[in-house]
Amino acid sequence: MSAHPVLAVEGIDTYYGRSHVLFDLSLEVGAGETVALIGNNGAGKTTTLRSIMGLTPPERGRILFRGEEIQGCKPNEIRRRGVSLVPEDRRIFPSLTVAENVELAAAAGSTTTDVYDRFPVLDDRRDQRAGTLSGGEQQMLAIARGLVGPPTELLLLDEPTEGLAPQIVEDVSEVVEALTDDGITILLVEQNAELALELADRAYVIETGRIVHEAGGDELLHDPEVLETHLGVR
Amino acid sequence: MVGFEALVRATILGLQFGTTLALLVAGLTLVFGLMDVINLAHGSLYMLGAYFGVTLVDAGGSFWLALVVAPVAVGVVGLLMEVFTLRPLYGREPLYQILVTLGLAFVVEESVKEVWGTSAQNFAAPAVLAGSIDIAGVTYSQYQAFVLLFTTVLVAAIWVGLERTNVGVLLQATAHDPEMVDALGFDVSRVFTGVFAVSAVLAGLAGVLLGPARAVTPSMWFNVVLLAFAIIVIGGLGNFRGAIVASLLVGLLTGYAALLVPSYTELLVFALMAVVLLVRPAGIFGTATGDPG
Ligand SMILES: Nc1ncnc2c1ncn2[C@@H]1O[C@H](COP(=O)(O)OP(=O)(O)OP(=O)(O)O)[C@@H](O)[C@H]1O
Ligand SMILES: [Mg+2]
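Note that the protein sequences, when read in sequence, are chains C and Z.
Read left to right, the first sequence gives residues 40 to 273 (the numbering used here).
Read left to right, the second sequence gives residues -18 to 274 (the numbering used here).
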């Protein structure tokens, strides 16, 4: 198993209709790694995750999960193989309760709904409608939902701290770190480059649909030129 | 002057028609709520239910056998329709699905003419229910009482199932965000096929139940689909609860109109639709987001 990286994206080109969004994009995530994908608005981060998840399949190139091609598979098959997406804007089911959101996701696989230990804030609110949760609570629910159901080996996190207060950002980072400690491989998309680079072992920088830089997290974080030119940070 | 008995009678008959309409529109509104498909062939599935039913009865089968077999056969037709004609069109503009389902409605009409001819079929109510029954001092046919009871139980079961069961939760989530449900590991295309097939079964069931009361002809689908759409517009497009409540309203309205102003029955239903659209454009139960009830 360790012969293959958990995820290998090899030269994919992805389109929305006729508009070409990802260009010959490649990246790899090894077992147990947390890898960040950072870039400006509209660079193609979400599209990369959607391509991997099978939601917007690439027209060229290959995507290998544990060495097996998944680029032709439907999202539900990809999920059952062990890839899970926590999408941008969370996309929880607002009219269902917290428990119903979790149970629904769990019903797609064999794992239990036992995520409440990890997310005590959800435990207290099982019968609350998900749409009435705070932003941070909704994000926790989205992550919890991504962890139940078929066993999750690779978690795709799309801007989990977007729009959250600093204290809540802190909570979300702790959850991400705990998941890493539990051996879950993570591909993390963030606008908050500093946070992403703190959490990640390695990072890719994406610009207009192309990977323009790859390095260890610390390296990028301490390279002011990278931060400025590629990310417009400070 | 209209007497008390006549009013009671109109109420019961209206309710009976209303609960059968609820059976008819339950599937139509679910299909719209989940798949965004305006199924103009829904009336044709109802018509097939009536034709399959009358054929089974004529062939010597009992009405009860027809009540089970005909809807299942309609379900198979619905399943084939979904897999071969609708599935390739999801995500396209609604016009594609409107054209395809309208085309299917004409195909079914012509096929029915080929097989059964153009004259009306005589669908007899089952002999066991040929007698009459008294409710609140008013006399009805046993068949009408049976239909009222049977459809009420069935519609209530569907309602509770959608609100309380795991399948109901799955359908609510799918109506809200099918792509996300797929990404959670559910094969949404199968959910769609299943819902469409069940919707066809319910339409077929309504066709068998109302068959003995109405003329079974190759063009019967047209008025039925118009009525069904008026109902789901009144209730709020894609809103399940709204569709059920609107069915009962339309049933009662039809019952009273038949008593008081018989020649204006259909006009009144569409007038109700127009009033609802003017006062509450999203329907009685509708929300701006089209959240399924
Ligand atoms: N459904 C769509 N149809 C057409 N173009 C799209 C669609 N979704 C995204 N795009 C375009 O694709 C490009 C990449 O978008 P994407 O959402 O992947 O960027 P992103 O890096 O995730 O941005 P953000 O940080 O704002 O979330 C953008 O130019 C965007 O306008
Ligand atoms: Mg994005």
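No residue lacks a Cβ here, since even glycine has one placed at the ideal position from N, Cα and C.
To which residues of the same chain is residue i closer than 7 Å at the C-beta, ignoring the five residues directly before and after it?
{"i": "I139 of chain Z", "result": "A7"}
{"i": "N20 of chain Z", "result": "L9, V12, T82"}
{"i": "Y54 of chain C", "result": "V60, E98"}
{"i": "Y245 of chain Z", "result": "A238"}
{"i": "R276 of chain C", "result": "For residue 276 of chain C there is no data in the structure shown, the boundaries of chain C being 40 and 273."}
{"i": "R120 of chain C", "result": "F104, I109"}
{"i": "G112 of chain Z", "result": "Q123"}
{"i": "V141 of chain C", "result": "T152, V154, A183, R184, V187"}
Can the beta-carbon of residue i be found closer than 8 Å to that of residue j?
{"i": "G81 of chain C", "j": "I51 of chain C", "result": "no"}
{"i": "V187 of chain C", "j": "V154 of chain C", "result": "yes"}
{"i": "L151 of chain Z", "j": "V172 of chain Z", "result": "yes"}
{"i": "L94 of chain C", "j": "V68 of chain C", "result": "no"}
{"i": "E229 of chain C", "j": "E198 of chain C", "result": "yes"}
{"i": "A209 of chain Z", "j": "L5 of chain Z", "result": "yes"}
{"i": "A181 of chain Z", "j": "V50 of chain Z", "result": "no"}
{"i": "G222 of chain C", "j": "P189 of chain C", "result": "no"}
{"i": "A235 of chain C", "j": "L227 of chain C", "result": "yes"}
{"i": "R118 of chain C", "j": "G166 of chain Z", "result": "yes"}
{"i": "Y77 of chain Z", "j": "M16 of chain Z", "result": "no"}
{"i": "Q125 of chain Z", "j": "L241 of chain Z", "result": "no"}
{"i": "G56 of chain Z", "j": "F203 of chain Z", "result": "no"}
{"i": "F221 of chain Z", "j": "G14 of chain Z", "result": "yes"}
{"i": "Q123 of chain Z", "j": "L135 of chain Z", "result": "no"}
{"i": "T73 of chain C", "j": "L203 of chain C", "result": "no"}
{"i": "V96 of chain Z", "j": "L29 of chain Z", "result": "no"}
Return helix, strand or coil for residue i, following the three-state DSSP convention.
{"i": "Q230 of chain C", "result": "coil"}
{"i": "H43 of chain C", "result": "coil"}
{"i": "E216 of chain C", "result": "helix"}
{"i": "Y155 of chain C", "result": "coil"}
{"i": "V187 of chain C", "result": "coil"}
{"i": "Q102 of chain Z", "result": "strand"}
{"i": "A178 of chain Z", "result": "helix"}
{"i": "G185 of chain Z", "result": "helix"}
{"i": "A144 of chain C", "result": "helix"}
{"i": "A169 of chain C", "result": "helix"}
{"i": "D210 of chain C", "result": "helix"}
{"i": "G50 of chain C", "result": "strand"}
{"i": "T200 of chain C", "result": "coil"}
{"i": "I109 of chain C", "result": "coil"}
{"i": "I265 of chain Z", "result": "coil"}
{"i": "I225 of chain C", "result": "strand"}
{"i": "A245 of chain Z", "result": "What sits at residue 245 of chain Z in the sequence shown is Tyr, not Ala. It is helical."}
Between which two residues does the beta strand (DSSP E) carrying residue i extend?
{"i": "R101 of chain C", "result": "99 to 104"}
{"i": "A(-9) of chain Z", "result": "That residue, A(-9) of chain Z, is in no beta strand (DSSP E); its alpha helix (DSSP H) goes -15 to 16."}
{"i": "F62 of chain C", "result": "58 to 68"}
{"i": "I114 of chain Z", "result": "113 to 116"}
{"i": "V125 of chain C", "result": "122 to 125"}
{"i": "I250 of chain C", "result": "249 to 255"}
{"i": "L194 of chain C", "result": "193 to 197"}
{"i": "R241 of chain C", "result": "241 to 246"}
{"i": "T73 of chain C", "result": "73 to 77"}
Taking the alpha carbon of residue i as the point to measure from, which residue in the options has its own alpha carbon closest?
{"i": "V(-17) of chain Z", "options": "Z:Y124, Z:F33, Z:A238", "result": "Z:A238"}
{"i": "R35 of chain Z", "options": "Z:V256, Z:F(-2), Z:G192, Z:L208", "result": "It is Val, not Arg, that sits at residue 35 of chain Z in the sequence shown. The candidate whose alpha carbon is nearest that of V35 of chain Z is Z:G192."}
{"i": "A105 of chain Z", "options": "Z:L129, Z:T1, Z:A31", "result": "Z:A31"}
{"i": "N103 of chain Z", "options": "Z:L233, Z:I215, Z:V197", "result": "Z:V197"}
{"i": "T235 of chain Z", "options": "Z:Q(-3), Z:G84, Z:E(-14)", "result": "Z:Q(-3)"}
{"i": "I91 of chain C", "options": "C:V125, C:R184, C:V141", "result": "C:V125"}
{"i": "T247 of chain C", "options": "C:V74, C:R57, C:K84", "result": "C:K84"}
{"i": "G301 of chain C", "options": "C:E49, C:P205, C:A75", "result": "With chain C running from 40 to 273 in the structure shown, residue 301 of chain C is simply not present."}
{"i": "H43 of chain C", "options": "C:N79, C:F62, C:L64, C:I102", "result": "C:I102"}
{"i": "G42 of chain Z", "options": "Z:A227, Z:I79, Z:L249, Z:P107", "result": "Z:P107"}
{"i": "V214 of chain Z", "options": "Z:G188, Z:E90, Z:L183, Z:M254", "result": "Z:M254"}
{"i": "V119 of chain Z", "options": "Z:L259, Z:E(-14), Z:G149, Z:T132", "result": "Z:E(-14)"}
Between which two residues does the alpha helix (DSSP H) holding residue i run?
{"i": "F127 of chain Z", "result": "123 to 145"}
{"i": "T36 of chain Z", "result": "23 to 39"}
{"i": "R79 of chain Z", "result": "First, the residue type needs correcting, since residue 79 of chain Z is Ile and not Arg in the sequence shown. Run containing I79 of chain Z: 75 to 97, per the alpha helix (DSSP H) assignment."}
{"i": "R130 of chain C", "result": "Premise fails: R130 of chain C is in no alpha helix (DSSP H) and is neither H nor E."}
{"i": "I215 of chain Z", "result": "201 to 216"}
{"i": "K84 of chain C", "result": "84 to 92"}
{"i": "I225 of chain Z", "result": "221 to 241"}
{"i": "P159 of chain Z", "result": "159 to 164"}
In its own chain, which residues sit with a C-beta less than 6 Å from the C-beta of residue i, not counting the 5 before and 5 after it?
{"i": "G255 of chain C", "result": "R241"}
{"i": "P133 of chain C", "result": "A169, G170"}
{"i": "D162 of chain C", "result": "Y155"}
{"i": "D163 of chain Z", "result": "V169"}
Give the residues of chain B in contact with residue i, contact being defined as C-beta atoms less than 8 Å apart.
{"i": "G188 of chain C", "result": "In the structure shown, chain B cannot be found, because the protein chains are C and Z."}
Under 8 Å Cβ to Cβ from residue i, same chain only, skipping five residues before and after it: list those, please.
{"i": "L135 of chain C", "result": "L143, R168, A169"}
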